[in-house]
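Written out below as structure tokens is the structure these notes cover.
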Amino acid sequence: MATYVVNGASKGIGFEFLRQLSVDPKNTVIGIVRSPESVQPKVASEIGRDNIHIIQGDLDDYDSLKKASDATAKITNGAIDYLIANGGRLALTSAFVGLGELGQDHKVMEEELAADFKTNVIGNINLFNVFMPLLLKGKEKKGLFISSGHGDLDLINNVHLHFAGPYAVGKAAMNVALAKLNAEYAKEGVMLISISPGVVDTGNGFLDTDKLSEKELKTVAEFGAKMAKTSPDFKGPISPEESVRMVLGVFHKASAANGDGGSFVSHFGNNKQWV
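Numbering (numbering that gives the first Met the number 0), first residue to last: 0 to 274.
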């Protein structure tokens with residue numbers, strides 16, 4: 000029996016976390032989403048398990064996160080075992096260009112960086128902070144941040160991975176923030192880890208080739224070619240089901256005793272193979 004909180008649970012990887020974690024009827028799974036009224040019917044029709052609870056919360060709204068924590072405490076008797084920070088922002092307006100090109104209009108670049116930092120860094124730090132009192136009272140005391148290989152300096156430099164700058168900056172910054180939080184709470188038995196889920200077909204538009212421009216399609220093709228250089232076995236995006244299964248395998252195996260606290264690894268459990 001375990002209690003999980005999953006942020007960003009409305010679709011893609013987050014929704015798949017709900018599906019897989021709720022298979023065990025003894026688990027209590029809390030999904031934090033912006034719009035519960037649209038997610039609850041989806042959970043009922045596509046998963047249909049009564050051990051899933053959907054609560055409103057928005058990474059851009061601290062008060063909503065605090066209310067989500069309070070609502071969770073009422074369901075779980077004030078304690079959770081696992082916190083999974085999956086929510087984030089990847090704007091298509093900056094996903095296919097480099098910071099140089101994006102910065103040709105400096106106001107657009109500044110707005111994109113500020114929006115990504117607010118959601119992907121400040122929002123996630125707030126999430127961990129408001130749920131930390133519950134995590135400290137849990138048995139496992141483990142937290143997971145869903146990061147990205149875009150935040151790895153070696154990968155960026157080795158294959159000249161130039162696009163999606165604001166997203167990459169946010170993920171890299173949050174990796175550091177998570178390590179700082181882990182260092183702060185490790186003495187109280189908390190273990191926090193960042194894991195990249197790989198390249199996943201989540202239906203967020205980035206891989207929806209039917210809706211992309213010719214220039215954007217070229218960027219996607221370049222990305223695939225660059226990933227193939229680092230991982231010759233790369234065949235393209237994996238499904239949310241496969242990604243979540245692998246991420247959970249790494250997460251559940253990770254421990255402070257093994258030195259995993261504060262680390263940043265892939266869904267393969269290392270910091271070299273991102274896809």
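The beta-carbon is built from N, C-alpha and C at its ideal position, and this holds for glycine as well. Here the structure is a predicted model, which means the values were calculated and not measured.
Expected contact under 8 Å - CB spacing of G260 and A171 to nearest Å: Within the sequence shown, numbered from 1, the residue matching residue 260 stands at position 261. Within the sequence shown, numbered from 1, the residue matching residue 171 stands at position 172. About 18 Å; that fails the 8 Å criterion.
What residue range is occupied by the uninterrupted beta strand (DSSP E) comprising M190? Position 191 of the sequence shown, counting from 1, holds the residue named residue 190. M190 -> beta strand (DSSP E) spans 190 to 195.
Quick one: what does DSSP say K141 is sitting in, helix, strand or coil? Translated into the one-based positions of the sequence shown, residue 141 becomes position 142. Looking at K141 - three-state DSSP - the assignment turns out to be strand.
Going by C-alpha distance, which of L82, L152, L180, V96 is nearest L143? Here residue 143 is taken as the residue at index 144 of the sequence shown, counted from 1. The residue with the shortest Cα to Cα distance from L143 is L82.
Three-state secondary structure (DSSP) of A163: Your numbering for residue 163 matches position 164 in the sequence shown. In this structure, A163 counts as coil in the three-state DSSP scheme.
Name the residue from V42, A43, G7 whose alpha carbon lies nearest to the alpha carbon of I31. Mapped onto the sequence shown, residue 31 falls at position 32. The candidate whose alpha carbon is nearest that of I31 is G7.
Ignoring anything shorter than 3 residues or poking outside the region 18 to 94, list the beta strand (DSSP E) runs there in chain order. 27 to 32, 51 to 55, 81 to 84
Inspect the CB distances between the region 63 to 72 and the region 90 to 98 and report whether three or more fall short of 8 Å. no
Using only CA atoms, which one of R244, M245, F222 lies nearest to K234? Residue mapping note: residue 234 aligns to position 235 of the sequence shown, counting from 1. If we check each option's Cα against that of K234, F222 comes out closest.
List the residues that DSSP assigns as beta-bridge partners of N174. Within the sequence shown, numbered from 1, the residue matching residue 174 stands at position 175. None, per the DSSP bridge assignment.
Under the three-state reduction of DSSP, which class applies to S254: helix, strand or coil? Residue 254 sits at position 255 when you count from the first residue of the sequence shown. Correct three-state label for S254: coil.
Exposed or buried, what is H251 when buried is set at 16 or more other beta-carbons lying within 10 Å of its beta-carbon? Looking up residue 251 in the sequence shown gives position 252. The residue in question, H251, is exposed, as its Cβ has fewer than 16 Cβ neighbours within 10 Å.
Buried or exposed: where does V249 fall if 16 or more other Cβ atoms within 10 Å of its Cβ makes it buried? As a working mapping, residue 249 is identified with position 250 in the sequence shown. With 16 or more Cβ atoms within 10 Å of its Cβ, V249 is classed as buried.
Between the Cα of H159 and the Cα atoms of T229, A176, F116, which residue gives the shortest distance? For this step, residue 159 is matched to residue 160 along the sequence shown. Answer by Cα proximity: T229.
Under 8 Å, Cβ to Cβ, is there at least one residue of chain C near M173? The chain inventory of the structure shown lacks chain C, comprising one protein chain alone.
Tell me where the alpha helix (DSSP H) around T229 begins and ends. Here residue 229 corresponds to residue number 230 of the sequence shown, with the count starting at 1. From DSSP, the alpha helix (DSSP H) with T229 extends over 213 to 229.
Got a sec, what are the start and stop residues for the alpha helix (DSSP H) V129 sits in? As a first step, residue 129 must be located in the sequence shown, where it is residue number 130. Where V129 is concerned, the enclosing alpha helix (DSSP H) stretches over 123 to 135.
Please determine if the region 237 to 245 and the region 10 to 30 are in contact, where contact requires at least 3 C-beta pairs separated by less than 8 Å. yes
So N128 and M173 are supposed to be a Cβ contact under 8 Å. How far apart are they, rounded? Numbered from 1 along the sequence shown, position 129 holds the residue referred to as residue 128. Numbered from 1 along the sequence shown, position 174 holds the residue referred to as residue 173. About 13 Å separates the two Cβ atoms, so there is no contact after all.
Under the three-state DSSP convention, the category G99 falls into: For the purposes of this step, residue 99 is taken as residue 100 along the sequence shown, with counting starting at 1. If DSSP states are grouped into helix, strand and coil, G99 belongs with the helices.
Mind checking which residues open and close the alpha helix (DSSP H) that includes N6? Here residue 6 is taken as the residue at index 7 of the sequence shown, counted from 1. First-last for N6: 2 to 6, but that is the beta strand (DSSP E), not the alpha helix (DSSP H).
Starting from F233, trace the beta strand (DSSP E) both ways and give me its first and last residue. Taking the first residue of the sequence shown as 1, we reach residue 233 at position 234. Counting along the chain, F233 falls outside any beta strand (DSSP E), and DSSP gives it neither H nor E.
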